[in-house]
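Here is the structure we will look at, set down as structure tokens.
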Amino acid sequence: MVVHAHVDSSEIRVGGPRFGLVVSKAVGDSVTRHRVSRRLRHIASGLVAELDPDLLVVVRANPASASAAHADLVHDMRTGLATAVARAREARS
1 MVVHAHVDSS EIRVGGPRFG LVVSKAVGDS VTRHRVSRRL RHIASGLVAE
51 LDPDLLVVVR ANPASASAAH ADLVHDMRTG LATAVARARE ARS
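Take the sequence shown: its position 64, counted from the start at 1, is 64 in full-length UniProt numbering, and no numbers get skipped.
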């Protein structure tokens, strides 16, 4: 998966952090894409409390996400998120 992060500098903010998911047809058929989306949404919901509320995060699933184990998806999202947030904070400075 590929994780992108952006620091939201607007003064008007509703909740946060916010996640967006991109699961293209390359991942699989409709049933597979929805299953991957549900799995990623579940993982993201567990990470919300650990993140700052000013973050906007986009997670793009690769075709390998369809057959990946849950632990692998969690590891990939955590490492991708850490890298993306660090880059977003650095770019903001």
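Beta carbons: idealized from backbone N, C-alpha and C, even for Gly.
Residue i burial status per 10 Å Cβ neighbour count (16 or more: buried)
i: P53; result: exposed
i: V31; result: exposed
i: R87; result: exposed
i: R33; result: buried
C-beta contact flag for residue i and residue j at 7 Å
i: residue 97; j: V22; result: Not covered by the structure: residue 97. The range shown for the chain is 1 to 93.
i: L55; j: A5; result: yes
i: A84; j: V3; result: yes
i: L81; j: I43; result: no
Residues near residue i by beta carbon distance below 8 Å, same chain, minus five either side
i: V36; result: V23, V27, G28, A61, S65 and A66
i: P17; result: V48, L51, D52, P53, D54, L55, L56 and V57
Own chain residues within Cβ distance below 6 Å of residue i, not counting five before or after
i: D76; result: M1
i: R38; result: none
For residue i, the residue or residues it bridges with in DSSP
i: V85; result: According to DSSP, V85 bridges with nothing at all.
i: V7; result: L55
i: V2; result: R60
Residue i CB to nearest heavy atom of the ligand GTP below 6 Å
i: S67; result: The model on display carries no ligand, and the ligand GTP is accordingly not part of it.
Query - Entirely enclosed alpha helix (DSSP H) segments - the stretch 17-69, minimum 4 residues - result: 30-47
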